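Participant: Residue numbers (this note's numbering): 261 to 501. Yeah, the Cβ is synthetic: ideal placement off N, Cα and C, and Gly gets one too. Bear in mind the structure is a predicted one, so any value in this text is a computation, not a measurement.
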């Protein structure tokens, strides 16, 4: 972050306009990454510091357009369900969504030979079932004896968002974390389920649940986006019967 460099004053620093966690811009673009590295090495020409320079070239394909994010256009062959209708059971909707994504998740794992899914120790549908129960009734049976509901929720959410993110990231137009994140939180049954869980736990008497709902369950930029542009999020509500 630029502010950190200004305060710490390292001998040489290059500020880049990329999202946090991607100092070289975007993955799988060696030409662009080499230009960033060349700019960093170029700082060695200065005999004295501190030096702080700006890298002004934006990363390519910084955002997916609305058609890509909603999956309504030609970019993605996944035919996701349109969402939970008034008569739908939440778990059935989640299961259908997961089943649609499963082949793409397997493709992603085969391509990368790794996955970040598995921290909960549960099957992905078990994680979904736990979230559905929390969103619908709050009457929970924690599937692991060694965990309280709050930590169990956190791990299940991590597994599900990883599963969805890895699956959709193999699709055209989904090569940035922001595009993937916006799709999950704005256009899926899972996203709306987690929004609902956040809403009902903002004032929870359980310290962990309250903190998780207020601080980490939903990314800050998605909260801001929803407040500024509610139309881009799903139109159905889990409260509808």
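Please say whether residue 460 and residue 418 have beta carbons closer to each other than 7 Å?
Facilitator: no
Participant: What does the alpha-carbon distance come out to for the pair residue 432 and residue 287?
Facilitator: 14 Å
Participant: Give the DSSP-derived three-state secondary structure of residue 393 in the structure shown.
Facilitator: helix
Participant: With distances taken Cα to Cα, identify the nearest neighbour of residue 303 among 272, 486, 447, 355.
Facilitator: 272
Participant: Name the two residues that bound the continuous beta strand (DSSP E) containing residue 284.
Facilitator: Careful: residue 284 lies outside any beta strand (DSSP E) and carries neither H nor E.
Participant: So, is residue 362 buried or exposed, given that buried needs 16 or more other C-beta atoms within 10 angstroms?
Facilitator: exposed
Participant: Taking the alpha-carbon positions, what's the residue 289 to residue 400 distance?
Facilitator: 45 Å
Participant: Suppose you measure from the CA of residue 323 to the CA of residue 278; what does that come to, to the nearest Å?
Facilitator: Unreliable placement is indicated for residue 323, whose pLDDT of 45 sits below 50; no coordinate value is reported for it.
Participant: Go ahead and pull the three-state DSSP assignment for residue 296.
Facilitator: helix
Participant: Evaluate residue 266 with the Cβ neighbour count: other Cβ atoms within 10 Å of its Cβ, from every protein chain shown; 16 or more gives buried, anything less gives exposed.
Facilitator: exposed
Participant: Spatial neighbours of residue 270 within its chain, please: CB distance less than 7 Å, with the 5 preceding and 5 following residues excluded, ordered by chain position.
Facilitator: 310
Participant: What residue range is occupied by the uninterrupted alpha helix (DSSP H) comprising residue 458?
Facilitator: 449-461
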